[in-house]
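Residue numbers (our numbering), protein chains in the order written: chain A, 156 to 314; chain B, 131 to 210; chain C, 721 to 1469.
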Amino acid sequence: MAKSHVTTSINGQPQEFLCEPGDTLLDVLRNDLNLTGTKEGCGSGDCGACSVTLNGRLVCSCLVLGVEVEGAEVETIEGVSTGDGLHVIQEKFLEHAALQCGICTPGLIVSAKALLEENPNPTEEEARYYLAGNLCRCTGYDKIIRAVMDSAETLRGGA
Amino acid sequence: MAIVIFSSELQKLTGEEQTRVDAEVFKDIVTEISNQYSALEHDELMEMAVAIDGEIIHTPFLEKVAATSEVHFLYRISGG
Amino acid sequence: MSEAQEFKYIGQRTIRPDGFDKVTGRAAYGADLTLPGMIWGKTLRSPHAHAKIISIDTSKAEAHPDVMSVATFEDFVTLQSESVAGTEGASGVLDVARNCLADDKVLYHGHAIAAIAARTERAAKDALDLIDVEYELLPSVMDVEDAMKEDSPVLHDDMFTAGYDEKPSKASNIATRVEMKMGDVDAGFAEADIIVEREFRTPTAHQGYIEPHACTVTYDENGQSMVWCCTQGHFDVRTLTAKVLGMELGKLKVIASEIGGGFGGKTVIYQEPVALVLSKKSGRPVKMVMDRDEVFIATGPTSAAKLKAKVGAKKDGTITAMQGWMAYEAGAFKGSPMVPGVMTMFTPYDCPNVLVEGFDVVVNKSKVAAYRAPGAPQAEYAAEMVVNELAEILGMDPIDLRLKNAAKEGTQTIYGPKLKRVGLVECLEAAKNSPHYQSAIPEGQGRGLASGFWFNIGGQSSVSINMNPDGTGTIVEGSPDIGGSRASMQMMAAEVLQIEPKNLKPIIADTENLPYSAGTGGSRTTFATGMAVIEASEKVVAQVKERAAAVWNVTAEQVEYADGVARNTAGEDSMTLAEVCKSAEKTGGQISGNANINARGAGPSFAVHLCDVAVDKETGKVDVTRYTAIQDAGKAIHPGYVEGQLQGGAVQGIGWALNEEYIYNSDGVMENPGFLDYRVPLASDLPMIETITVEVPNAFHPYGVRGVGETGIIPPLGAVGYAVGNAIDRKVEELPCSPPRVLALIQNG
């Protein structure tokens, strides 16, 4: 079957790839572009481990086709930290011990970043509902939410 | 002489609640009691864990017991 | 080891050394390894719950241009049934092999039958349709009580129940019967003023790790075969895989990737031997990654159970007798965690008259695997519910009832020994004084509490600490890091070496870099691998003293080592650790300490949990509004990761109590093999999980450590179950308390 040629931007870098019509963006990121930071937990959009942003919008990359990102901007976990070091959210996750096995962490950090860009001052309930699409089986979410709320405060110029 | 206390499961095979042993090392205790009670299987007992004076030891092969020790055979517990 | 130790580094909330890689996506998990020339494997799975395999025809698949190799059970070495000692206890190797690829029968929907390796994952999946399997359908049995009946379909015609005085003449689904007792329960019940007796059911539930099983393997005829996989115990993967394939241990290297959750479910093998066969037959590296539905239908889960609990007490609350009965589903092959269930059921209580009977029963479901304190949650759930009901009838506070009968140092256990020093009383008192318990139950809500007990284990750990010429060091250990254990290893070594933790780098070695180390599970890692780390560090200190002594022309006994500095007590000289390491070349060679131990003296961990729930009486939905987890950690090396274990266990237990269950149709097919309908807790379901870490030190560990990973999943079932019952004024007997069940209770109660 003939592959499609896609030109896109990933984490601010121009990127081209070939993919089959049925390949998901998740497949392309992991298998073709070696960006394995984005994880597959379910393949059906239920766990959020594959979260990326597409033109600034939080999506499950397992529910996006590779061909759909033609001309778009994709941001993955690999693009969250800048050249200067970790993003505040990444630092707070470490400070608060908000990860145990770490498999959900990339997806959660991408989602948390999207949350705080949309709503820099969420309540605990708003944060919990925004992140409800990211499953974590290890932490019980307590320290994750604390890390996100602390990140929000720091990013707003607080402590 | 250390005391070996049999669990209710092992009592079905020994007919007794407990016995005293001369042996001072676990592997020798197993030999002694499997000789004493024909229904006890030497190899099966060797694979069991043991509690000596309350301390659970999973691989007791060379464990020594004191004359006043209490020994219990246990199923080996694993975890998750 | 004294009870009140001052620590320099232990007890701090350090940043875990592997943290940077985990928050940036750099850390490599099971599915993240790609090798040149790699091809993909996928598995053909049984559409039937129970059937004979008449024939498997793989010829069409093998003829397909994209297909590089095909594997069936024929490719496994023929084995006699044999036990293999691994961290998760003895596993019949033949059963393990038959579970990886079916032999002459399929025993559950999803049972692996054959596997294909092809150039792409999609091509492998598509080619599965080219394999023709002829089945003879058999009636299936999907429920433990049905499976125990005389007329039930039988899964294994060579299974005769063990545990009776006379071997039965008829094959059965009951693999084993066990009975443990002490004292005289009949006399005990005769003495009782109040007797409470109830029956309970718990569902099939899965460990629910977010990372599906994955491996990348290469088979090499010259003896350099390699398996990269996500596992809790790579040495055990090596042992089991080598046995199944008839390979020598030394010819198989297993590398533990980072692991995305295990909880006991990744202490067994599924794809690894299959992938090696595919690699051998194709001459290529092979990657196999399970889809989410495969994880649910063909791995784990934990045993569904039928339980009975009966407790008798005097009017003043003295418990006089406790009796239990349980039947656990093992899945397709024998080996449920029924025995630990029997052993733990009533262990939180000091009662002289106890009798517990248990049955290990096979059914046409996936073979169960360990899940966090395997066997204990189900059994202790039944016990705790009945104890709570007893408290209610007696008009006693449920914590006071437990305090009155609490297991403590010297309490006789049903499984033989007396308990050593334990922290149940301290946990109960902390629960009683907690802000949660001191607060009134909010209007319309229900409150429940429960205790929990788990033994914890020690076992083999091998560690090597290699010092660099600059005074930094590498901690080489063999325990895959499932929850932050590297941080604890770093701190324990730092505490002995008296240098900053950040100067010590913990790495998880593969099976060629270290002697055998038992897997990460059983709440053993901080305890046992920690002990090995401490012992190896002490050897480094001993060598440092010897080298310094040689330089100063004194004896090693005349050198003291403190705060990272060696000092000559017979003179003025001093050398830092870094200086000693820098001159190591001149003083005899590099400095390194190792310890290969079989740790004993693991201390049990008791827990008490409190739960408030609100129930929507129109929909049956239950919300946990407040939750407190209290547990004895002995000594919390890293308080943050200890709290994490308490919280994580609590939330898995909450999920098990409220929503998680396997739903099967009448053909024995699981209808909800995905996270949408297998409903694990979400961030939006929960409040913050308050924690109280109690520290009653375990005398057998240099720093007092008790394992904490597992006990936390036990109390939630009783705490949540009883809270729901209180909220709706009904008796909860069956878990989960999903909305349809809660509504039915409300309406029919």
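Using N, Cα and C, we set each Cβ at its ideal position, and we do this for glycine too.
#1: Would DSSP call Gly-210/B helix, strand or coil?
#2: So with Cβ pairs under 8 Å, would you call Cys-215/A a contact of chain C?
#3: Under 8 Å between C-beta atoms, does Leu-1139/C make it to chain B?
#4: Helix, strand or coil: how does DSSP classify Ala-1029/C here?
#5: Taking Cβ to Cβ, would you say Asp-182/A is nearer than 8 Å to Gly-221/A?
#6: Could you say which of Gly-943/C, Lys-1026/C, Gly-1115/C lies nearest to Asp-924/C if we only look at CA atoms?
#7: Of the residues Gly-240/A, Thr-162/A, Leu-270/A, which one's Cα is nearest the Cα of Val-207/A?
#8: According to DSSP, is Asn-1273/C part of a helix, a strand, or is it coil?
#9: Is any non-hydrogen atom of the ligand MG found closer than 7 Å to the C-beta of Arg-897/C, if you look at the structure I gave you?
#10: Which word fits Arg-150/B, buried or exposed, when buried means at least 16 other C-beta atoms lie within 10 angstroms of its C-beta?
#11: Helix, strand or coil: how does DSSP classify Asn-186/A here?
#12: Measuring alpha carbon to alpha carbon, tell me which residue in Ile-1161/C, Gln-1372/C, Thr-1431/C, Met-1251/C is nearest Ala-1403/C.
#13: Look at the alpha carbon of Ile-186/B and the alpha carbon of Ser-1325/C, and state the distance between them as a whole number of angstroms.
#14: Quick one: is Val-1416/C buried, meaning 16 or more other Cβ sit within 10 Å of its Cβ, or exposed?
#15: Examine the Cβ distances between the stretch 1220-1240 of chain C and the stretch 963-976 of chain C and report whether three or more of them are shorter than 8 Å.
#16: Residues in the stretch 1302-1325 of chain C with C-beta within 8 Å of chain B's C-beta atoms, listed in sequence order?
#17: Looking only at its own chain, which residues have a Cβ that is under 7 Å from the Cβ of Phe-248/A, when we skip the five neighbours before and after it?
#18: For the beta strand (DSSP E) that contains Cys-820/C, what are its first and last residues?
#19: Buried or exposed for Pro-277/A, going by 16 or more other Cβ atoms inside 10 Å?
#20: If you run the structure through DSSP and keep just helix, strand and coil, what is Lys-963/C?
#21: Three or more C-beta pairs closer than 8 Å, one from the stretch 813-829 of chain C and one from the stretch 1044-1053 of chain C: is that the case here?
#22: Look at the alpha carbon of Leu-184/A and the alpha carbon of Leu-190/A, and state the distance between them as a whole number of angstroms.
#23: Could you name the residues of chain C that Gly-184/B contacts, counting a contact when the two beta carbons are closer than 8 Å?
#24: Nearest to Ser-1056/C by CA position, among Pro-1359/C, Gly-812/C, Val-1006/C, Glu-1215/C, is which residue?
#25: Determine, using beta-carbon pairs with one atom in the stretch 781-792 of chain C and one in the stretch 997-1011 of chain C, whether at least three such pairs fall under 8 Å.
#26: Taking just the CA atoms, how far does Ala-1248/C sit from Ala-810/C?
#27: Is it the case that the Cβ atoms of Ala-895/C and Met-879/C are separated by a distance below 8 Å?
#28: Counting pairs of beta carbons, one from the stretch 1083-1100 of chain C and one from the stretch 1020-1040 of chain C, are three or more of them closer than 8 Å?
#29: Distance check for Ala-1322/C and Glu-808/C, CA to CA, integer angstroms please.
#30: Helix, strand or coil for Phe-1247/C per DSSP?
#31: Tell me whether Thr-807/C sits in a helix, a strand or coil according to DSSP, three-state version.
#32: Within 8 Å (strictly less), CB to CB, does Tyr-749/C reach chain A?
#33: Does the pairing of the stretch 1161-1168 of chain C with the stretch 1306-1323 of chain C give three or more beta-carbon distances under 8 Å?
#34: Looking at chain A, which residues of the stretch 724-749 of chain C have a Cβ within less than 9 Å of any of its Cβ atoms?
#35: Using DSSP bridges, identify the partner residues of Cys-949/C.
#36: Please classify Glu-280/A as buried or exposed, where buried requires at least 16 neighbouring CB atoms within 10 angstroms.
In this structure, then:
#1: The residue you call residue 210/B lines up with position 80 of the second sequence. Gly-210/B falls in the coil class under three-state DSSP.
#2: To locate residue 215/A, count along the first sequence from 1; it is residue 60. No - not a single Cβ of chain C is within 8 Å of the one on Cys-215/A.
#3: Counted from its first residue, the third sequence places residue 1139/C at position 419. Yes, its Cβ sits closer than 8 Å to a Cβ of chain B.
#4: Sequence index remark: in the third sequence, residue 1029/C carries index 309 (1-based). Residue state, collapsed to three classes: strand.
#5: Counted from its first residue, the first sequence places residue 182/A at position 27. Counted from its first residue, the first sequence places residue 221/A at position 66. Taking the C-beta atoms as reference points, Gly-221/A is found nearer than 8 Å to Asp-182/A.
#6: As a first step, residue 924/C must be located in the third sequence, where it is residue number 204. According to the sequence displayed, residue 924/C carries Thr and not Asp. Checked all of Gly-943/C, Lys-1026/C, Gly-1115/C; the closest Cα to Thr-924/C is Lys-1026/C.
#7: Translated into positions along the first sequence, residue 207/A becomes position 52. Among Gly-240/A, Thr-162/A, Leu-270/A, the Cα nearest to that of Val-207/A is on Leu-270/A.
#8: For the purposes of this step, residue 1273/C is taken as the residue at position 553 of the third sequence. Coil, per DSSP.
#9: The ligand MG is not among the ligands present in this structure, which contains no ligands whatsoever.
#10: Along the second sequence, one-based indexing puts residue 150/B at 20. When all chains shown are included, Arg-150/B counts as exposed.
#11: The residue you call residue 186/A lines up with position 31 of the first sequence. If DSSP states are grouped into helix, strand and coil, Asn-186/A belongs with the helices.
#12: On the third sequence, position 683 is the one that residue 1403/C refers to. The shortest C-alpha separation from Ala-1403/C is found at Gln-1372/C.
#13: Here residue 186/B is taken as the residue at index 56 of the second sequence, counted from 1. Here residue 1325/C is taken as the residue at index 605 of the third sequence, counted from 1. So the alpha carbons of these two residues sit roughly 14 Å apart.
#14: Reading the third sequence from its first residue, position 696 is the one you call residue 1416/C. Flag for Val-1416/C reads buried.
#15: Touching, yes, given that three or more Cβ pairs across the two stretches are closer than 8 Å.
#16: Asn-1318, Arg-1320, Gly-1321, Ala-1322
#17: Numbered from 1 along the first sequence, position 93 holds the residue referred to as residue 248/A. Cβ within range, chain order: Leu-254, Thr-260, Ile-264, Ala-302.
#18: Here residue 820/C is taken as the residue at index 100 of the third sequence, counted from 1. Segment 813-820 is the alpha helix (DSSP H) holding Cys-820/C; no beta strand (DSSP E) there.
#19: For the purposes of this step, residue 277/A is identified with residue 122 of the first sequence, where counting begins at 1. By the 10 Å Cβ count, Pro-277/A comes out buried.
#20: Your numbering for residue 963/C matches position 243 in the third sequence. Lys-963/C: helix per DSSP, three-state reduction.
#21: Because the criterion of three Cβ pairs below 8 Å is met, the stretch 813-829 of chain C and the stretch 1044-1053 of chain C touch.
#22: Against the first sequence, residue 184/A aligns to sequence position 29. Against the first sequence, residue 190/A aligns to sequence position 35. Roughly 5 Å separates the two Cα atoms.
#23: Walking along the second sequence from the start, residue 184/B turns up at place 54. What Gly-184/B touches in chain C: Pro-1137, Lys-1138, Leu-1139, Lys-1140.
#24: As a first step, residue 1056/C is located in the third sequence; it is residue number 336 there, counting from the start. Out of Pro-1359/C, Gly-812/C, Val-1006/C, Glu-1215/C, Gly-812/C has the C-alpha closest to the C-alpha of Ser-1056/C.
#25: yes
#26: Here the question's residue 810/C lines up with position 90 in the third sequence. Here the question's residue 1248/C lines up with position 528 in the third sequence. With a pLDDT of 46 at Ala-810/C, under the threshold of 50, the modelled position of that residue is not reliable, and the figure given next carries that caveat. For Ala-810/C and Ala-1248/C, the distance between alpha carbons rounds to 20 Å.
#27: Counting from one through the third sequence, the residue named residue 895/C turns up at place 175. Counting from one through the third sequence, the residue named residue 879/C turns up at place 159. The answer is yes: Cβ separation under 8 Å.
#28: yes
#29: Residue numbering aside, residue 808/C sits at position 88 when the third sequence is read from its first letter. Residue numbering aside, residue 1322/C sits at position 602 when the third sequence is read from its first letter. Any reading at Glu-808/C needs caution, since the residue's pLDDT is 42, under 50, leaving its predicted position unreliable; the model's value is listed next. Spanning the two alpha carbons is a distance of roughly 16 Å.
#30: In the third sequence, residue 1247/C corresponds to position 527, counting from 1. Residue state, collapsed to three classes: helix.
#31: As a working mapping, residue 807/C is identified with position 87 in the third sequence. Confidence at Thr-807/C is low in this model, with a pLDDT of 44, below 50, so its placement is unreliable and no value can be given for it.
#32: Here the question's residue 749/C lines up with position 29 in the third sequence. With its beta carbon less than 8 Å from one in chain A, Tyr-749/C belongs to the interface.
#33: no
#34: Arg-733, Ile-735, Arg-736, Asp-738, Gly-739, Phe-740, Asp-741, Lys-742, Val-743, Thr-744, Gly-745, Arg-746, Ala-747, Ala-748, Tyr-749
#35: For the purposes of this step, residue 949/C is identified with residue 229 of the third sequence, where counting begins at 1. Paired residue(s): Cys-935/C, Ala-976/C.
#36: Numbered from 1 along the first sequence, position 125 holds the residue referred to as residue 280/A. Glu-280/A is exposed by the Cβ-count criterion.
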